[in-house]
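Below is one structure; the comments refer to it alone.
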Amino acid sequence: MADQRDESPHAALSRRRMLFAAGAALPGAGLLTVGAAAGQAHAQEPALPQAAVPPTAGLPLVGGTDFPIGVFWPPPPTQVTIERYQEVADAGFTFLHNGNYLWDATGIRYGLDLARQTGLKMLVTGDPLEVALGSNFWAEGDPTGNRPQVSASDTEVSLRAVINTYKGYASFAGLSLSDEPAANRFGTLAALIDTTRRIAPATLPFVNLRRIGQPAGAWGTPGMDAAAYTAYLDQAVAAMAPSLLSFDRYPLLANGSDDPDYYQNWAIVRAAGLKANLPTWTYIQSVQYAGHRLPTAAELAWQVNTSLAYGAKGIQYFTYWTPDPSRGANFTTAQGLITVAGERTPLYDAAKQLNTGWLRPVGRELKPLVSQSVVHAGDTPLPAGATAFAPDDWISVVNGDAVVLGVFAAAPDATPAGAPVRWLLAANRSYARGAAARIILRPPVSGALFDPATGQYTPQEGQAVRLDLPAGGAALLKLTSG
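Just so we're aligned: the sequence shown equals residues 264 to 745 in our numbering.
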């Protein structure tokens with residue numbers, strides 16, 4: 264497999280890597296002025312303040328009722344057409360990261376206009392100036408002392424230039440400032456996030472973080488275990504005060520096995536999100552690439568539903584368009600939802616059905632809720648990081664096939680004591696076969712089953728609720744006590 268525990272396939276699909284060594288072209292007088300001789304910022308400014316408190320849920324994608332479903336690696340420049348963007352929207356996606364060589368301002372603006380026309384949002388990444396700010400330079404006063412440094416005033420001027428380039432489009436959701444940053448980048452990213460919030464409060468500053476097994480520092484150094492990863496996330500939250508926690512983990516390996524750290528990674532991210540009161544997003548594997556197999560429709564659903572059970576408030580597909588083999592050895596046999604030549608694969612149809620028929624309606628139900636617990640019932644041996652089911656005030660017994668149970672409460676009632684209503688997302692632990700599970704509710708709790716086609720809940724008779732879940736599938740129940 265491509266080393267799940269270190270280098271990321273994202274890196275091979277990033278403009279940042281291409282621009283990092285030489286530095287991005289910096290158009291415009293007064294932008295990112297640095298001292299050439301000493302590598303110091305051109306103006307002396309006080310040390311950076313702490314990052315601001317995360318904003319409210321009024322941000323694009325994070326706020327609102329629609330569940331964010333994203334596309335990574337969208338149509339390339341020669342395929343940036345109204346038909347192609349409509350194809351993305353028709354598959355149930357709500358936003359995209361630009362990329363796949365769509366990195367110049369003119370192309371990005373053209374894509375933003377097509378996104379507007381098709382009801383999509385876009386997180387902008389790869390703009391040369393934005394890449395320089397997020398990857399090539401350090402904010403003045405960065406605790407690492409690394410150089411070259413950029414003053415706070417020049418950072419603001421440069422960020423204003425980037426945001427002003429795109430903010431006129433209703434589809435502009437925010438800036439993707441960094442993908443899988445090392446911990447020593449957190450201080451500079453904090454400055455970028457804080458400045459973005461101050462000058463453009465309606466702009467989402469997005470950062471995608473690393474996972475267990477990847478290093479906290481330079482690539483090639485030892486990977487993080489669970490304890491080190493917990494510390495990495497704590498440091499990210501404390502330093503950057505991000506608007507959300509996003510990570511990627513691609514669990515479907517080419518030899519037919521699954522990534523053993525999948526659930527543990529989710530458990531740690533979930534705990535960090537709850538501790539900081541931040542929504543958690545993830546990328547799911549929707550592409551075949553080095554060391555990783557092509558997902559089936561059931562495996563797509565399994566990734567989505569186990570992520571929902573662990574509290575995901577946003578799902579992003581890696582990838583939508585198949586990366587060209589020229590991107591490197593990781594992608595010589597790649598296949599995603601759309602081929603390199605632009606043909607739909609069966610996975611496109613599977614994603615469309617999953618997104619439109621399940622994820623969008625169920626995500627709308629779950630988005631405003633707060634995760635209370637996530638447990639595995641009948642799952643032997645228990646995966647690393649997972650918690651076994653134990654009876655509580657809501658559920659007394661679970662028998663049958665293995666399921667992952669996520670329990671949620673309304674946000675104003677984030678603690679379980681005395682709450683009259685809960686929501687239960689029961690996900691099939693298996694993507695290979697259907698599951699029959701029997702959930703016995705503790706009196707006086709009653710259950711109602713959600714129908715994604717109608718958006719309605721149907722009361723279930725008695726305390727014993729039988730769920731017949733397809734491979735990778737799930738069901739949503741509303742539980743009422745009394």
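Every residue, glycine too, gets a C-beta built ideally from N, C-alpha and C.
Could you please give the first and the last residue of the uninterrupted alpha helix (DSSP H) stretch that includes residue i?
| i | result |
| --- | --- |
| aspartate 457 | 449–462 |
| tryptophan 529 | 525–539 |
| alanine 613 | 609–617 |
| leucine 571 | 560–572 |
| glutamine 579 | Counting along the chain, glutamine 579 falls outside any alpha helix (DSSP H), though it belongs to the beta strand (DSSP E) covering 575–581. |
| glutamine 477 | Here glutamine 477 belongs to no alpha helix (DSSP H), and DSSP marks it neither H nor E. |
| alanine 491 | 489–503 |
Counting contacts by CB-CB distance shorter than 8 Å, is residue i in contact with chain D?
| i | result |
| --- | --- |
| alanine 673 | Within the model displayed, chain D is absent; a lone protein chain is all it includes. |
For a quick check, are the C-beta atoms of residue i and residue j less than 8 Å apart?
| i | j | result |
| --- | --- | --- |
| serine 549 | tyrosine 573 | no |
| glycine 663 | alanine 695 | no |
| tyrosine 495 | alanine 481 | no |
| asparagine 471 | glutamate 443 | yes |
| tyrosine 583 | valine 334 | yes |
| leucine 422 | threonine 458 | yes |
| aspartate 511 | isoleucine 475 | no |
| valine 666 | alanine 700 | yes |
| leucine 386 | phenylalanine 358 | yes |
| lysine 384 | serine 441 | no |
| phenylalanine 449 | glutamine 498 | yes |
| glycine 745 | proline 683 | yes |
| serine 709 | glycine 669 | no |
| glycine 554 | alanine 517 | yes |
| proline 468 | arginine 461 | no |
| leucine 330 | lysine 630 | Leucine is not the amino acid found at residue 330; the sequence shown has phenylalanine there. Yes, the Cβ-Cβ distance between phenylalanine 330 and lysine 630 is below 8 Å. |
Can you tell me where the beta strand (DSSP E) with residue i in it begins and where it stops?
| i | result |
| --- | --- |
| tryptophan 686 | 684–691 |
| histidine 639 | 632–640 |
| arginine 701 | 698–704 |
| valine 661 | 658–663 |
| glutamine 548 | 543–548 |
| leucine 600 | Neither: leucine 600 is in no beta strand (DSSP E) and is coded neither H nor E. |
| leucine 668 | 666–673 |
Helix, strand or coil: which one does DSSP assign to residue i?
| i | result |
| --- | --- |
| glutamine 726 | coil |
| histidine 305 | Because the pLDDT of histidine 305 is 30, which lies under 50, any placement of that residue in the model is unreliable, and the question is left without a value. |
| aspartate 442 | strand |
| proline 272 | helix |
| tryptophan 336 | coil |
| alanine 734 | coil |
| tryptophan 621 | helix |
| aspartate 587 | coil |
| serine 434 | coil |
| proline 391 | helix |
| glycine 374 | helix |
| proline 290 | Because the pLDDT of proline 290 is 37, which lies under 50, any placement of that residue in the model is unreliable, and the number read from its coordinates should be weighed accordingly. If DSSP states are grouped into helix, strand and coil, proline 290 belongs with coil. |
| asparagine 471 | strand |
| serine 744 | strand |
| tyrosine 429 | helix |
| tyrosine 552 | strand |
| leucine 386 | strand |
| aspartate 417 | helix |
| leucine 324 | coil |
| alanine 368 | helix |
| asparagine 709 | Note that residue 709 is serine in the sequence shown here, rather than asparagine. Correct three-state label for serine 709: strand. |
| alanine 465 | coil |
| leucine 422 | helix |
| tyrosine 694 | coil |
| alanine 285 | Note that alanine 285 scores 39 on pLDDT, short of 50, meaning its location in the model is unreliable; the coordinates nonetheless yield the value given after this. Alanine 285: coil per DSSP, three-state reduction. |
| leucine 557 | coil |
What residues match up with residue i in a beta bridge as DSSP calls it?
| i | result |
| --- | --- |
| phenylalanine 356 | Answer is none; phenylalanine 356 lacks a bridge partner. |
| aspartate 714 | Gln719 |
| serine 509 | Asn471 and Trp544 |
| leucine 515 | Asp521 |
| alanine 647 | None, per the DSSP bridge assignment. |
| glutamine 412 | Trp401 |
| leucine 739 | Leu688 |
Can you tell me whether residue i sits near the ligand PLP, meaning its C-beta is under 7 Å from at least one heavy atom of the ligand?
| i | result |
| --- | --- |
| arginine 685 | The ligand PLP is absent from the structure shown, which contains no ligand whatsoever. |
**Prompt:** With a cut-off of 8 Å, do at least 3 Cβ pairs link the region 646–660 to the region 599–617?
**Reply:** no
**Item:** Stretch-stretch touch, CB-based, cutoff 8 Å, three pairs: the region 586–595 with the region 637–651
**Value:** no
**Touch test, the region 377–385 against the region 624–634, Cβ-Cβ under 8 Å, three pairs minimum** = no
**Item:** Cβ contact (3+ pairs, closer than 8 Å) linking the region 724–731 and the region 558–577
**Value:** no
**Asked** Does the count of Cβ pairs from the region 369–376 and the region 399–414 closer than 8 Å reach three?
**Response** no
**Request:** Determine contact between the region 353–367 and the region 331–345, defined as no fewer than three beta-carbon pairs at a distance below 8 Å.
**Result:** yes
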